[in-house]
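One rule links them: number in this note's numbering = place in the sequence shown (from 1) + 3.
We put the CB at the ideal spot given by N, CA and C, even for glycine.
As the structure is a prediction and not an experimental result, all values here were calculated from the model.
Report on the structure given below.
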Amino acid sequence: EYMGVLFFSQIKMVNFNSFIVVLSVFALSPLAYLGYVYVHKPILFHDKIHTIDILSTEARNSPLKASVIQKKHSVAKPIVKPILPPESDFWLPEINHYDKVDLSDPSLEKLQPYSLYKVPTEEWFERATEKLKFHEENLKHAINHVVDDEQRITVVSCLFDLGRDKLEGFTRTFDEYIQRFQAVIDVGFPMLIFMETRKISQFDWSKNKKVMIIPFEIQDLVQRYPKYFERIEQIRSSPLYLKQARHVGWLIQSPQASLKHYNLMVMTKMFLLRYAAKLNPFHTQYQMFLDAGHLCGPIFDKGSVNLLRQHMGRMMVTYFDYFAGLHDESHGMPQMAYRSYVGPPYNDEKTWGSNECCRIVRGGIFGGTPAYIDAVADAYNEILAQSLADGYMGTEENILGATYYRFPHLFNAFSNAEGGNCGIFTKSKEMGVDTTIYKHGPTPDQWHDKK
């Protein structure tokens, strides 16, 4: 919208002076609009990729200087980092209302690995339940929207070079990321990608005419989620966490324990997906997050998404069974803590020995309609905040798992079973192309049937 229109809506014309103000605003509105476009609009890549240069803070603070700075850096077209909502709850998640465990307490070092030093409360679940009440109306309208076009999916991803090529046992070179992600780009789905500016030129964008890139550095992620980053680092460097990681063996060498920004990145993918769903530049019915380096990405193609669409009426997730002993870990999180967040019947101490637990929801691929993404993100945010405050940390897959167990009515889950991480990809491929029109449910008033 033109800035003049926006200003006009805020002015009450009660006298002649106000009328003069309105005329002045409209006279200046073209200039204001040009500044708005330069500063706020992420770039859409169509025929070719352009030279990237993010506008300075000075330009963002003074929109009318944007064009001058643009010429100074010889950028063919405006490619700028959008100004993301500073006051939004999904950019600045709440963590202060949960009491944080003091991880520097020397008594914690005396505990046996994966002992339950604090019994998690139900505070997060109560808060999440209250938040979800505000989503019911939107979810009603999202239920029966019919889509029969297999291309109505925007693929969302993020790509940062965190130095995984230097790990032992979990090594993955950045060239592997490039090869796998290039295969996904070439499929031609609409895509919205958060990625480091310096990496953009390493890809060939010529085969995909619908790509939006939001230049995004790892420090931008830190600045967006400072409280989460601070707490993740407190846990990751705490003596108890390191003791637990060494006890397991594989964990101490894993990216989640070894790489400074890894858990921040994976734990905030849900929020990036929600932002992408709200932006929805290609006006698609579904938004689906796909890891840039996903092993199964090259299997992905336009003719094999019907199974995905069947599951995306709600939040589509995939899972696998991660049965572990009580004094063991579930994807890096203490098993007893994970049971506590997962809830009944797995958190009942009387039956812990007889209930195998629990599923882990994979973070490599998940998505749905904007309404369901929005709702799940609110619940996800609460369990993420409480678990970090409690000092228990796995990865985003534990957080997704607990959200899935507690609010199953928000999810359509697919078991990877023997197919492993590629299960839903290979099964989709087997189905081939069909023209089925999918309707989704249940409505919120039927949720109790799945609780």
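Burial state of residue i (16 or more Cβ within 10 Å)
{"i": "residue 51", "result": "Confidence in residue 51 is poor, its pLDDT being 33 and thus under 50, which makes the residue's placement unreliable; the coordinate value appears in the next sentence. When all chains shown are included, residue 51 counts as exposed."}
{"i": "residue 391", "result": "buried"}
{"i": "residue 160", "result": "buried"}
{"i": "residue 343", "result": "buried"}
{"i": "residue 122", "result": "exposed"}
{"i": "residue 364", "result": "buried"}
{"i": "residue 267", "result": "buried"}
{"i": "residue 114", "result": "exposed"}
{"i": "residue 99", "result": "exposed"}
{"i": "residue 290", "result": "buried"}
{"i": "residue 369", "result": "buried"}
{"i": "residue 226", "result": "exposed"}
{"i": "residue 218", "result": "buried"}
{"i": "residue 272", "result": "buried"}
{"i": "residue 292", "result": "buried"}
{"i": "residue 423", "result": "exposed"}
{"i": "residue 399", "result": "buried"}
{"i": "residue 112", "result": "exposed"}
{"i": "residue 261", "result": "buried"}
{"i": "residue 379", "result": "buried"}
{"i": "residue 241", "result": "buried"}
{"i": "residue 178", "result": "exposed"}
{"i": "residue 110", "result": "exposed"}
{"i": "residue 409", "result": "buried"}
{"i": "residue 182", "result": "exposed"}
{"i": "residue 303", "result": "buried"}
When the options are compared against residue i, the one with the closest alpha-carbon
{"i": "residue 402", "options": "376, 419, 336", "result": "336"}
{"i": "residue 156", "options": "225, 319, 301", "result": "319"}
{"i": "residue 215", "options": "169, 200, 407", "result": "200"}
{"i": "residue 203", "options": "110, 290, 162", "result": "162"}
{"i": "residue 101", "options": "246, 226, 229, 389", "result": "389"}
{"i": "residue 209", "options": "225, 187, 217, 230", "result": "187"}
{"i": "residue 373", "options": "119, 255, 288, 168", "result": "288"}
{"i": "residue 145", "options": "399, 236, 315", "result": "315"}
{"i": "residue 230", "options": "367, 333, 270", "result": "270"}
{"i": "residue 174", "options": "253, 413, 351", "result": "253"}
{"i": "residue 135", "options": "283, 110, 382, 412", "result": "382"}
{"i": "residue 414", "options": "333, 305, 127, 311", "result": "311"}
{"i": "residue 132", "options": "386, 394, 196, 334", "result": "386"}
{"i": "residue 128", "options": "432, 345, 303, 302", "result": "345"}
{"i": "residue 126", "options": "367, 384, 351, 139", "result": "384"}
{"i": "residue 180", "options": "296, 353, 371", "result": "296"}
{"i": "residue 396", "options": "428, 239, 427", "result": "239"}
Collapsed DSSP secondary structure at residue i in the structure displayed
{"i": "residue 415", "result": "strand"}
{"i": "residue 191", "result": "coil"}
{"i": "residue 423", "result": "helix"}
{"i": "residue 365", "result": "coil"}
{"i": "residue 288", "result": "coil"}
{"i": "residue 315", "result": "coil"}
{"i": "residue 293", "result": "strand"}
{"i": "residue 300", "result": "helix"}
{"i": "residue 370", "result": "strand"}
{"i": "residue 162", "result": "strand"}
{"i": "residue 99", "result": "coil"}
{"i": "residue 269", "result": "helix"}
{"i": "residue 379", "result": "helix"}
{"i": "residue 172", "result": "coil"}
{"i": "residue 404", "result": "helix"}
{"i": "residue 278", "result": "helix"}
{"i": "residue 283", "result": "coil"}
{"i": "residue 180", "result": "helix"}
Own chain residues within Cβ distance below 8 Å of residue i, not counting five before or after
{"i": "residue 185", "result": "206, 207"}
{"i": "residue 234", "result": "98, 103, 391, 392"}
{"i": "residue 322", "result": "362, 363, 364, 365, 404, 407, 416, 417, 418, 419"}
{"i": "residue 256", "result": "170, 171, 172, 173"}
Neighbour flag for residue i against chain D, beta carbons, 8 Å
{"i": "residue 300", "result": "The structure shown contains no chain D, having only a single protein chain."}
Nonlocal neighbours in the same chain, by C-beta distance under 6 Å from residue i, ignoring five residues either side
{"i": "residue 264", "result": "165, 221"}
{"i": "residue 330", "result": "117"}
{"i": "residue 237", "result": "106"}
{"i": "residue 347", "result": "none"}
{"i": "residue 189", "result": "210"}
{"i": "residue 360", "result": "342, 349"}
{"i": "residue 280", "result": "290, 373, 376"}
Other residues of its chain near residue i: CB distance less than 7 Å, five sequence neighbours each side excluded
{"i": "residue 328", "result": "338"}
{"i": "residue 285", "result": "157, 193, 213"}
{"i": "residue 245", "result": "none"}
{"i": "residue 248", "result": "254, 255, 260"}
{"i": "residue 277", "result": "93, 376, 377, 380"}
Legend entry - Every unbroken beta strand (DSSP E) within the region 196 to 252, with a cutoff of 3 residues, ordered by chain: 214 to 218
Inset, instruction - Let me know the alpha helix (DSSP H) ranges lying completely inside the region 102 to 159, each 4 residues or longer, listed in chain order. - result: 126 to 135, 139 to 146
Inset, instruction - Run through the region 321 to 351 for me and flag every whole alpha helix (DSSP H) of 4 or more residues, listed as ranges in chain order. - result: 338 to 345
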